[in-house]
DNA sequence: GACCTGCTGCGGTATG
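In UniProt numbering, the protein residues as written are 1 to 889.
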């Protein structure tokens, strides 16, 4: 039987003429939430409708008077990680409501929402509110916030995979725990008993997150069981996620530990969208660079593809690389001026918005970008995606590939452009991983005390909280399930009394206790707290502005400090002359200079993911066994032959170490193929362990495939290797403590933690506290805590974070265990091998201050060692990197 | 103040 609501909605679908809808026959039931067919909804936001339309249908059924019904209160809260998404979804939802003559208001509440609108939202609530994790917490910091959520029926967390694994995710967990508890005690008899999660799956193209189904019959069954909201309904929680390695865990994290596991529902789709991946093979592989990361040598091939495509996105790994590529295209293909744009995180928002709109309007032929474009609004006209350099992870590549081919039945096409020879093998590994459906997991963050402190003060700012109640609530979250009561008490003590060490500083005594209620009474404290809600911290940057007004974006202070007035540089795709700097703003004017420095930014480091590393090692094993089924492997044959000839091609049960003597000293090269971060830790660890046998001082260099230890001493490597402890995980932590400056690493981590935990105030908007002061104060706090409060939870967190994220301790451990079981193949080599060369180039770059360009030096090195591959003319590096390498073990 | 190739993301001041 079709209910009136379903009928209305069906009618709507028919009017919209969604012929292409892949699940058309399933449309007969309107309760189709979760089906990916909506992918092809004209608005491009299928999942929105998958969840929203059934919800509307139910509302209509429950309220025959829905057209006149007023004051429904907040029905649905939709949380997304991106402000930009809220606007898209709002428009789409509002359109449906208007069409169906449902007098619902759909609103957004983010940092972009004008103050007047925010005030209006407080007075009269919309039926649907779209917001961000940060804004949700700002709402929780409002007086009488429970009123807002009184009538809430459904909570949707969109793009959950983006939040999971971050402190923003923890923020969402905490926010949800509060809303769940509100429901449980509220007058409307909320309970979370029937909450559901639809963890959707990215289609094979990975374009958008689809709520969809793996096994159609099964999901139909599940659909039948769904209970939609009723008048005295229970709060429902939905999560929407791309495919990640740990979807089940993702659901558990979202719903919390108090959620009955048998009530969790997974809905996935099996839309098989074709994805074609093609590696660009350099024409003459023997002349292709062995090292480098810009990849401009393949510009001609890339531009051929661009010319053949309608609209192309060129993804690069760094902002600087985007600028370099944009510049190179403009230089060599001037006809693209006007139909090409650039998009990355340091460009002014206005410019970025313009690019996004121009993409929609099909006014652009090609956009060079970073991951700033791999999430968010759909860019329908894009038919081709080109990835320059290794994407470092399977999921990231899928996400980007999915930006192309957004039509029913369309094939998504993605090209992979290697920036050096061996990277081509990553192309083969990527294809293999995608074929096997191997995706990275997002590991949820646990016990992030800084986020918890912030949350506790947030609640104290609004209506206050009671210690026991809040504790019981907090431990229902996945993140704090293991929070011990005495730890919680420490935090309470910290926000009320400043803990053990800060008691005499008023600044840290934020919260007062009155009749058991923890509350903030100071307006100043409350205001400052609201100003600093959120978990994203960033470095101070310098705004770049035209003399005539108008902003271009931001660069780093260190870059600007290298410029003198009159110097020219390239930024935002333009040639600029630096005029002066005033109040954190660099003023520039137009320049006609053809050449100039290109800024670079210090961002996060992205090591090769452990999943992709594993597949890469598999590929290498195939190579060692002479299996040649991938075109990449076939193309790389000369390189591998040379490697075999000069040294060895390790099989999966072998671990290769190369030993090599040069004027510089004794080089030892190790190849775990585990990503940079692990290599960095392992290099320090092994250097330390060697130095126990024979004291020596090492310099370290590394890339994603291996690392080098260089020393003046003649290291008795055979003897060292005989030592059973060399690759052992025994005493790992102690040895790491000895070999790395763990204190410094933790101190750096602590800066962000202090910021998030509200220990340092970053200043009022527009008049930020100088970076130096922040550093000094967080560093001081770190020292004070370390000295007087050894059990301080925030300091402990800093060490844990350094270990987990900077050292990837877990991976390091696994890698050592693997190596311990492998046969060690020690090869004394005459000259650098194809494996060794790129690592040694890596060390070249930062070895010493020099006026020689890196390019020249690589060429020189190639000549010197007679290596066949020569790094191309691509290293137009601006930054003269010239700091001594790590010394001192 | 360290990173040396290195991404993304969010907030926001107050009165009659």
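Idealized CB from N, CA, C, for every residue including glycine.
Distance between residue j and residue i (C-alpha atoms, nearest Å)
i           : j           : result
residue 741 : residue 480 : 29 angstroms
residue 502 : residue 469 : 26 angstroms
residue 370 : residue 92  : 27 angstroms
residue 438 : residue 411 : 21 angstroms
residue 829 : residue 718 : 15 angstroms
residue 540 : residue 51  : 40 angstroms
residue 676 : residue 355 : 33 angstroms
residue 735 : residue 567 : 48 angstroms
residue 610 : residue 516 : 48 angstroms
residue 762 : residue 505 : 18 angstroms
residue 672 : residue 729 : 15 angstroms
residue 550 : residue 328 : 25 angstroms
residue 336 : residue 144 : 56 angstroms
Expected contact under 8 angstroms - CB spacing of residue i and residue j to nearest Å
i           : j           : result
residue 760 : residue 777 : 5 angstroms
residue 933 : residue 694 : With the chain covering 1 to 889 only, the question about residue 933 has no answer from this structure.
residue 461 : residue 167 : Contact doesn't hold; Cβ gap of about 19 angstroms is too wide.
residue 643 : residue 837 : In fact, because the Cβ distance is near 10 angstroms, the residues do not count as touching under 8 angstroms.
residue 152 : residue 348 : Incorrect: roughly 37 angstroms between the Cβ atoms, too far for contact.
residue 449 : residue 780 : Actually they are not in contact, since the Cβ atoms of residue 449 and residue 780 sit about 19 angstroms apart, beyond 8 angstroms.
Where the beta strand (DSSP E) through residue i begins and ends
i           : result
residue 124 : That residue, residue 124, is in no beta strand (DSSP E); it is neither H nor E in DSSP.
residue 823 : 823-828
residue 236 : 236-239
residue 78  : 76-79
residue 766 : Counting along the chain, residue 766 falls outside any beta strand (DSSP E), and DSSP gives it neither H nor E.
residue 109 : 106-109
residue 428 : Taken as a continuous stretch (DSSP letters only), residue 428 belongs to no beta strand (DSSP E), being part of the alpha helix (DSSP H) at 423-436.
residue 277 : 275-279
residue 416 : 412-417
Beta-carbon proximity check, residue i vs residue j, cutoff 8 angstroms
i           : j           : result
residue 158 : residue 106 : no
residue 77  : residue 174 : no
residue 425 : residue 619 : yes
residue 510 : residue 457 : yes
residue 646 : residue 833 : yes
residue 798 : residue 753 : yes
residue 599 : residue 569 : yes
residue 790 : residue 704 : no
residue 454 : residue 758 : yes
residue 251 : residue 244 : no
Contact set for residue i: own chain, Cβ-Cβ below 7 angstroms, skip 5 residues either direction
i           : result
residue 285 : 421, 635, 636, 638, 639
residue 14  : none
residue 665 : 710, 711, 712
residue 322 : 316, 342, 344, 368, 369, 370
residue 165 : 442, 443, 444, 445
residue 745 : 802, 806
residue 565 : 578, 579, 580
8 angstroms Cβ shell around residue i - same chain, five flanking residues per side excluded
i           : result
residue 177 : 256, 473, 474, 476, 477
residue 7   : none
residue 69  : 63, 103
residue 825 : 648, 650, 654, 655, 656, 657
residue 788 : 500, 501
The alpha helix (DSSP H) enclosing residue i, as first and last residue numbers
i           : result
residue 397 : 394-401
residue 584 : Segment: none, residue 584 is in no alpha helix (DSSP H) and carries neither H nor E.
residue 351 : 349-360
residue 63  : Taken as a continuous stretch (DSSP letters only), residue 63 belongs to no alpha helix (DSSP H), as it is neither H nor E.
residue 676 : 676-693
Beta-carbon proximity list for residue i, same chain, < 6 angstroms, skipping 5 on both sides
i           : result
residue 497 : 503
residue 385 : 313, 400, 401, 403, 404, 414
residue 684 : 739, 740
residue 784 : 501
residue 163 : 81, 169, 172
residue 430 : 397
residue 559 : 599
residue 362 : 381
residue 813 : 729
residue 75  : 127, 153
heavy atom of the ligand SAM below 7 angstroms from residue i C-beta
i           : result
residue 735 : Ligands displayed in this structure: none; no statement on the ligand SAM is therefore possible.
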